[in-house]
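Residue numbers (this note's numbering), protein chains in the order written: chain A, 3 to 392; chain B, 3 to 392.
What follows is a single structure, written as structure tokens, with notes after it.
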């Protein structure tokens, strides 16, 4: 019973265009996954995510957030995360490890797992590979992430090696716990949803901060355990951008060619295009939603700060090249007025446009790889981004 | 050149079902107008207002808010309020009088007008019948409201009489200024939009607080000046609900039968049905949007507080009788989770459902008047509202 099937259909240099078949439908790659932290992609309805101008095929849910609130009992009783939130397309859940590190008041990391205080109610919590796998089985997501430890972006070699080796041991325990849970039929999604074929998929995560030798060793150890896909974690966490691309340049070509490659938590539109050029297939990032709520539009000509007084009377859409429902209907002047007035609709419209821009960029990326024009697409895309000059 | 045409098509007791033809399309009455204070109905996109489950035919804009921010120059330069916000259906704007009274730091009321401090930037502002008409001409709304003074709900006879007489004089000045502005082609909407037939319509407002003799005199004086429609103002401002219905009982039957009757700022779903039974045709109220943002759902079985722990695992929609897009897709448990997590989507979904419920209630009201079943509709509607018992 294959959980995911991945097939490369076209390649242009290192850039790959493929199809990831999950138990909830086919996803063309390279793909961008909007982030639905607490069971909602912030500021947007699921109908809009499904609408033609966005057409998001997979979104991400955060295990840490959902585990703390509403809690696993609520979601299991609803029949899994898909049913709880009302989303029938694919869902990937992260392991919670990164959020413990970035959000929780971390108390202690031991061989067994991590102890921390909940950011919701301050209670003491314990997360381990086994707990993470249990929670993700209860969520019934289609792609499950192994539980890892994330070293700081600028961590030294010794600290990173200790962390990376711990991640490997946790990754092995994740795989064992995952296999046991699947055989015990603990996957809420499959148990509750009629006609859903296939088990959950499990992805392993490569760590090692900026140390290429450790990254390579992490990759080897992770591949040896064996997963349905492989992620590069611990990037975009404060290191220089050149460091991020050095790691991708080194790691991506060594990753299994027949499995999806997922760059976690990255990035800007230009980061996405550059990472695709280096062989990455999957992305998630909060930038389009988070920055939308704080007044920033991503456009084909670069970033646009809607607070800027120069838009006061500007009747042009956020992006003159964009065909999303926001750009077809509303002006910069109007969105600026909404933002300056503190109206919810500002965040709603900017979020929609930003997601449309990210998803449409990936659409262009896929088409250009298939037609062998990716280098041209990449050059023109990057050239246009500088045009705005804001 | 008729600005609005109003035609009663069916009557059941005092309840009237008609068609209000504005220069931007036909509106079946009785009608509920969602409130779009600052150029946005808070928390909802225009696409949703136009969607089949809401199908709002007319929304309200607040002159006071739009005048202060973004200001008339911005809206005039965009080609009027419709173009600025991206809404092609009918718009009614209030006069700003009520907001000066309720929101501004009021400095002084003189015969000439009102002086107050802006709630946006604290600057000193002056609003008068002439200024209000100029602003509403610049907005280019389809229905303009005369500038009135609103006496407190519990004002004594002498204070109310003084205020009512001032309103009458301001109403006359509103009419004169409005006529002059129309002849000067100051209506941005008609000047900017091709194919838009007809001038703006002007409604007069009946004041007089709870004093029926003053209400009758206000009505006579307003009708004598002559308007396209007549509103009852100064209700739902703190008085007892029985007082409100006493005023409507007395005033509505004396209002011109061939003109639309608009009850301003009212009310709950039951208030709407009860006011229709007394001959009212038009309503606006912030309850569905404002209460939606604070976690309250209006349902066919009464109000539902989504914060209530009893909904934690409740897989039922907000309203089991509702066919809106929110109730078709999401559970109480999910909306509660969103609300408790402080997610924007909670307000977005509750706002959509509440507006669907208000607009659908009016749809039921219209159908039952046309089929002669309004008394039955009213009885069953009111009976169901008590069922929830929350």
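Idealized CB from N, CA, C, for every residue including glycine.
Predicted model, so just to flag it, every value in this text is computed and none were measured.
From this set, A:373, A:376 and A:212, which residue's C-alpha is nearest residue 157 (chain A)'s C-alpha? By one-based count along the first chain, residue 157 (chain A) stands at place 155. For residue 157 (chain A), the nearest C-alpha among the options comes from A:212.
Check residue 263 (chain B) in the structure and name its three-state DSSP category. For the purposes of this step, residue 263 (chain B) is taken as the residue at position 261 of the second chain. Three-state DSSP puts residue 263 (chain B) in a strand.
Residue 262 (chain B) and residue 283 (chain B) look like a contact to me (Cβ under 8 Å); what is the Cβ gap, rounded to whole Å? Working through the second chain from its first residue, we reach residue 262 (chain B) at position 260. Working through the second chain from its first residue, we reach residue 283 (chain B) at position 281. Sure, about 5 Å apart at Cβ, within 8 Å.
Do residue 94 (chain B) and residue 163 (chain B) have their beta-carbon atoms positioned less than 8 Å apart in this structure? For the purposes of this step, residue 163 (chain B) is identified with residue 161 of the second chain, where counting begins at 1. For the purposes of this step, residue 94 (chain B) is identified with residue 92 of the second chain, where counting begins at 1. At a Cβ-Cβ threshold of 8 Å, residue 163 (chain B) and residue 94 (chain B) do not count as neighbours.
Residue 393 (chain A) at chain B interface by Cβ criterion, 8 Å: Residue 393 (chain A) lies beyond the stretch modelled for chain A, which goes from 3 to 392, so this question has no answer here.
On the DSSP letters alone, give me the boundaries of the alpha helix (DSSP H) that residue 184 (chain B) sits inside. Locating residue 184 (chain B) in the second chain gives position 182, where the first residue counts as 1. Run containing residue 184 (chain B): 159-185, per the alpha helix (DSSP H) assignment.
Within 8 Å of any Cβ in chain A, is that where the Cβ of residue 32 (chain B) sits? One-based indexing of the second chain puts residue 32 (chain B) at position 30. No - not a single Cβ of chain A is within 8 Å of the one on residue 32 (chain B).
Among the residues of its own chain, which have a CB less than 8 Å from the CB of residue 121 (chain A), if the five just before and after it don't count? For this step, residue 121 (chain A) is matched to residue 119 along the first chain. Excluding sequence positions up to five before and after residue 121 (chain A), its CB lies within less than 8 Å of the CB of 70, 105, 106 and 107, all in the same chain and listed in chain order.
Determine the chain A residues that contact residue 76 (chain B) at a beta-carbon separation under 9 Å, and present them in chain order. Translated into positions along the second chain, residue 76 (chain B) becomes position 74. Using a Cβ-Cβ cut-off of 9 Å, residue 76 (chain B) is close to 314, 315, 335 and 339 of chain A, given in chain order.
Between residue 43 (chain A) and residue 24 (chain A), is the Cβ-Cβ spacing less than 8 Å? Residue 43 (chain A) sits at position 41 when you count from the first residue of the first chain. Residue 24 (chain A) sits at position 22 when you count from the first residue of the first chain. Between residue 43 (chain A) and residue 24 (chain A), the C-beta spacing is not below 8 Å.
Residue 367 (chain A) and residue 225 (chain A): beta carbons closer than 8 Å? Locating residue 367 (chain A) in the first chain gives position 365, counting from the first residue. Locating residue 225 (chain A) in the first chain gives position 223, counting from the first residue. Not closer than 8 Å, so no.
Find the nearest neighbour of residue 66 (chain A) within the set A:84, A:127, A:90 and A:161, judged by alpha-carbon distance. Along the first chain, one-based indexing puts residue 66 (chain A) at 64. The option with the nearest alpha carbon to residue 66 (chain A) is A:127.
Using a Cβ-Cβ cut-off of 8 Å (strictly less than) and excluding sequence neighbours within five positions of residue 48 (chain B), which residues of its own chain qualify? Numbered from its first residue, the second chain carries residue 48 (chain B) at position 46. Counting only Cβ-Cβ distances below 8 Å, and skipping sequence neighbours, we find 87, 88 and 89.
Since residue 231 (chain A) contacts residue 255 (chain A) with CB under 8 Å, what's their CB separation in whole angstroms? As a working note, residue 231 (chain A) is residue 229 in the first chain. As a working note, residue 255 (chain A) is residue 253 in the first chain. About 16 Å separates the Cβ atoms of residue 231 (chain A) and residue 255 (chain A), ruling out a contact at the 8 Å cut-off.
With burial defined as no fewer than 16 other Cβ atoms inside 10 Å of the residue's Cβ, what is the status of residue 159 (chain A): buried or exposed? Here residue 159 (chain A) refers to the residue found at position 157 of the first chain. By the neighbour-count rule (16 or more Cβ atoms within 10 Å), residue 159 (chain A) is not buried but exposed.
What are the boundary residues of the alpha helix (DSSP H) that residue 286 (chain B) is part of? Here residue 286 (chain B) refers to the residue found at position 284 when the second chain is read from its first residue. First-last for residue 286 (chain B): 284-287, but that is the beta strand (DSSP E), not the alpha helix (DSSP H).
Among residues of its own chain, excluding the 5 on either side of residue 315 (chain B), which ones have a beta-carbon nearer than 7 Å to its beta-carbon? Mapped onto the second chain, residue 315 (chain B) falls at position 313. Correct list, in chain order: 335.
Could you tell me whether the segment 187-194 of chain A touches the segment 241-259 of chain A, using the rule of 3 or more Cβ pairs below 8 Å? With a cut-off of 8 Å on Cβ pairs, the segment 187-194 of chain A is not in contact with the segment 241-259 of chain A, counting fewer than three such pairs.
Tell me which residues share the same chain as residue 266 (chain B) and place their Cβ nearer than 6 Å to its Cβ, disregarding the 5 neighbours each side in the sequence. Stepping through the second chain from its first residue, residue 266 (chain B) is reached at position 264. Leaving aside the five residues that flank residue 266 (chain B) on each side, the residues in its chain whose CB is nearer than 6 Å to its CB run, in chain order, 233 and 235.
Run the CB neighbour count on residue 185 (chain B), radius 10 Å, all protein chains shown included, and call it buried at 16 or more, exposed below. Within the second chain, residue 185 (chain B) is the residue found at index 183, counting from 1. With fewer than 16 other Cβ atoms within 10 Å, it is exposed.
Look at residue 202 (chain A) and residue 143 (chain A) and say whether their C-beta atoms are less than 8 Å apart. Residue mapping note: residue 202 (chain A) aligns to position 200 of the first chain, counting from 1. Residue mapping note: residue 143 (chain A) aligns to position 141 of the first chain, counting from 1. The criterion of a C-beta distance shorter than 8 Å is satisfied by residue 202 (chain A) and residue 143 (chain A).
Under the three-state reduction of DSSP, which class applies to residue 101 (chain A): helix, strand or coil? The count along the first chain starts at 1 and reaches residue 101 (chain A) at position 99. The three-state reading of DSSP puts residue 101 (chain A) in helix, counting H, G and I together.
Beta-carbon proximity of residue 8 (chain A) to residue 260 (chain A), cut-off 8 Å: In the first chain, residue 8 (chain A) corresponds to position 6, counting from 1. In the first chain, residue 260 (chain A) corresponds to position 258, counting from 1. Yes, the Cβ-Cβ distance between residue 8 (chain A) and residue 260 (chain A) is below 8 Å.
Let's test the definition: count the other Cβ atoms within 10 Å of the Cβ of residue 78 (chain B) and tell me whether it reaches 16, buried, or not, exposed. Taking the second chain and counting its residues from 1, the one referred to as residue 78 (chain B) is at position 76. Flag for residue 78 (chain B) reads buried.
Interface partners of residue 40 (chain A) on chain B, CB under 7 Å: The residue you call residue 40 (chain A) lines up with position 38 of the first chain. Those within 7 Å of residue 40 (chain A) in chain B are 343 and 345.
Any C-beta of chain A sitting closer than 8 Å to the C-beta of residue 80 (chain B)? Numbered from its first residue, the second chain carries residue 80 (chain B) at position 78. Interface with chain A (8 Å Cβ-Cβ cutoff): residue 80 (chain B) is included.
Beta strand (DSSP E) containing residue 113 (chain B): first to last residue? Taking the second chain and counting its residues from 1, one reaches residue 113 (chain B) at position 111. Per DSSP, residue 113 (chain B) is not a residue of any beta strand (DSSP E), being assigned neither H nor E.
Alpha carbons only, please: which of B:41, B:46 and B:117 is nearest the one belonging to residue 393 (chain B)? Residue 393 (chain B) lies beyond the residue range present for chain B, which begins at 3 and ends at 392; the question has no answer from this structure.
From this set, A:329, A:376, A:380 and A:218, which residue's C-alpha is nearest residue 12 (chain A)'s C-alpha? Within the first chain, the letter at position 10 stands for residue 12 (chain A). For residue 12 (chain A), the nearest C-alpha among the options comes from A:376.
Can the beta-carbon of residue 290 (chain A) be found less than 8 Å from the beta-carbon of residue 357 (chain A)? Here residue 290 (chain A) corresponds to residue number 288 of the first chain, with the count starting at 1. Here residue 357 (chain A) corresponds to residue number 355 of the first chain, with the count starting at 1. Contact flag set, yes.
Please go through the same chain and pick out, in chain order, the residues whose beta-carbon is closer than 7 Å to the beta-carbon of residue 257 (chain B), but skip the five residues on each side of it. Along the second chain, one-based indexing puts residue 257 (chain B) at 255. Listed in chain order, the non-local C-beta contacts of residue 257 (chain B) below 7 Å within the same chain comprise 221, 232 and 263, local neighbours out to five positions each way being set aside.
Provide the residue(s) that pair with residue 51 (chain B) in DSSP beta bridges, ordered along the chain. If you number the second chain from 1, residue 51 (chain B) lands on position 49. According to DSSP, residue 51 (chain B) bridges with nothing at all.
For a contact meaning CB atoms closer than 8 Å, what does residue 250 (chain B) contact in chain A? Along the second chain, one-based indexing puts residue 250 (chain B) at 248. Near residue 250 (chain B) there are no residues of chain A at all, since even the closest Cβ is about 33 Å away, more than 8 Å.
Step through the CB atoms of chain B and report whether any lies within less than 8 Å of the CB of residue 349 (chain A). Mapped onto the first chain, residue 349 (chain A) falls at position 347. Using a CB distance cut-off of 8 Å, residue 349 (chain A) counts as an interface residue toward chain B.
Assign residue 146 (chain B) to one of three DSSP states: helix, strand, or coil. Position 144 of the second chain, counted from the start, is the residue given in the question as residue 146 (chain B). Annotated three-state conformation of residue 146 (chain B) is strand, per DSSP.
Please tell me whether residue 124 (chain B) has its Cβ less than 8 Å away from any Cβ of chain A. As a working note, residue 124 (chain B) is residue 122 in the second chain. Not an interface residue.
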